[in-house]
Amino acid sequence: MDARAAADRFLASPALSEATRRAYRGDIGEFCAWLEDRRTKLDAVDVRVLADYVSWLGGKRGRKLAPATISRKLAAIRAFLRHALGPERVPDARLAPRRARRLPDAPAAAEVEQTLEALEGDGPIALRNRALVELVYSAGLRSAEAVGLDLGDVDFEQELVHVRQAKGGKERVIPLGEEAALWLARYLRDARPALAAGANDAFFLSARGRRLDTSTLRRIVPHPHRLRHAFATHLLDGGADLRTIQELLGHSSLSTTQVYSHVDPRHLRRVYDRAHPRS
Numbered sequence: 000m001d002a003r004a005a006a007d008r009f010l011a012s013p014a015l016s017e018a019t020r021r022a023y024r025g026d027i028g029e030f031c032a033w034l035e036d037r038r039t040k041l042d043a044v045d046v047r048v049l050a051d052y053v054s055w056l057g058g059k060r061g062r063k064l065a066p067a068t069i070s071r072k073l074a075a076i077r078a079f080l081r082h083a084l085g086p087e088r089v090p091d092a093r094l095a096p097r098r099a100r101r102l103p104d105a106p107a108a109a110e111v112e113q114t115l116e117a118l119e120g121d122g123p124i125a126l127r128n129r130a131l132v133e134l135v136y137s138a139g140l141r142s143a144e145a146v147g148l149d150l151g152d153v154d155f156e157q158e159l160v161h162v163r164q165a166k167g168g169k170e171r172v173i174p175l176g177e178e179a180a181l182w183l184a185r186y187l188r189d190a191r192p193a194l195a196a197g198a199n200d201a202f203f204l205s206a207r208g209r210r211l212d213t214s215t216l217r218r219i220v221p222h223p224h225r226l227r228h229a230f231a232t233h234l235l236d237g238g239a240d241l242r243t244i245q246e247l248l249g250h251s252s253l254s255t256t257q258v259y260s261h262v263d264p265r266h267l268r269r270v271y272d273r274a275h276p277r278s
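Everything in the sequence shown is counted per numbering that gives the first Met the number 0, starting at 0 for the first residue and increasing by one.
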């Protein structure tokens, strides 16, 4: 089986989104080139071959990549092999090196307040920017989720935001905070009509009346994901439990959310003192 031809068929699959296709293309192409250098056929790939490739990526006789990068590449290659060889032929052994746990870089409440205050200004764009960032922090949204909102997704009467998750295609409902609701209402009343260039259901519009993209949000706030970390961390500090935070963030696994429990050990002490009869 020709690896390059199999890769082309996989990348042309309609099951892949365009973003996934772009992300996979380089990783799979590199793997095919490595197989060619070793004169290894695609249908000869087994756990030993994959282990050798991971070793090469990790710096033994080859590149020296970070564990997170190796894990990403290996995920792409496994998806490719499942498509080309069938699921039963794909080794499920743990091959990627274990990644060091990184604690979220969450800004303090005072820093978030300064960021928001710095966005104040005159005109529709300034009002849009303040409303957008208020919502990202208030609801803990990913960048793609925020710019992907439509007008019907924000329910002012029920004080809810309906979010189509950027990961996994699921939906979740998040309470709409009072401060965010205030700025969103001001934006809809005083800014969006001036930006709208036609029939467009997007909640947040560009200066040309089009849906915003994530690069615009990154220009407004250089690292918008820090606001999502702040959302989770400040909820935890306020007494919210991890299961609730998991639901609000849209994490599929509680283990992903548990990283926030390591941010402030004082929170664990407070929970223990409040919950345990022998505390």
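Think of the CB as a built atom: it goes at the ideal place given N, C-alpha and C, for glycine as much as any other residue. Computed from a predicted model, the values in this text were never measured in an experiment.
Straight-line Cα distance separating E116 from E110: Going by the C-alpha atoms only, they are around 10 angstroms apart.
A145 versus F155 - alpha carbon distance: Our two residues, A145 and F155, have alpha carbons roughly 16 angstroms apart in a direct line.
N-terminal and C-terminal residue of the alpha helix (DSSP H) that H82 is part of: 66-84
H233 - DSSP class collapsed to helix/strand/coil: helix
Contact check, D26 vs K72, beta carbons under 8 angstroms: yes
Segment contact flag, the stretch 43-51 with the stretch 9-25, C-beta cutoff 8 angstroms, min 3 pairs: no
As assigned by DSSP and simplified to three states, the class of E156: coil
Distance between W33 and R163 (C-alpha atoms, nearest Å): 38 angstroms
P174 in three-state terms, based on DSSP: strand
Top-ranked residue by Cα proximity to G237, from A201, A107, G120, T213: A107
Residue closest to P123, alpha-carbon to alpha-carbon, out of A78, A190, T68: Considering only alpha carbons, the answer is A190.
Enclosing alpha helix (DSSP H) for P192 [first to last residue]: 191-194
Residues that DSSP places opposite H224 in a beta bridge: In DSSP, H224 forms no bridge with anything.
Rounded separation between M0 and A65 - CA only: 31 angstroms
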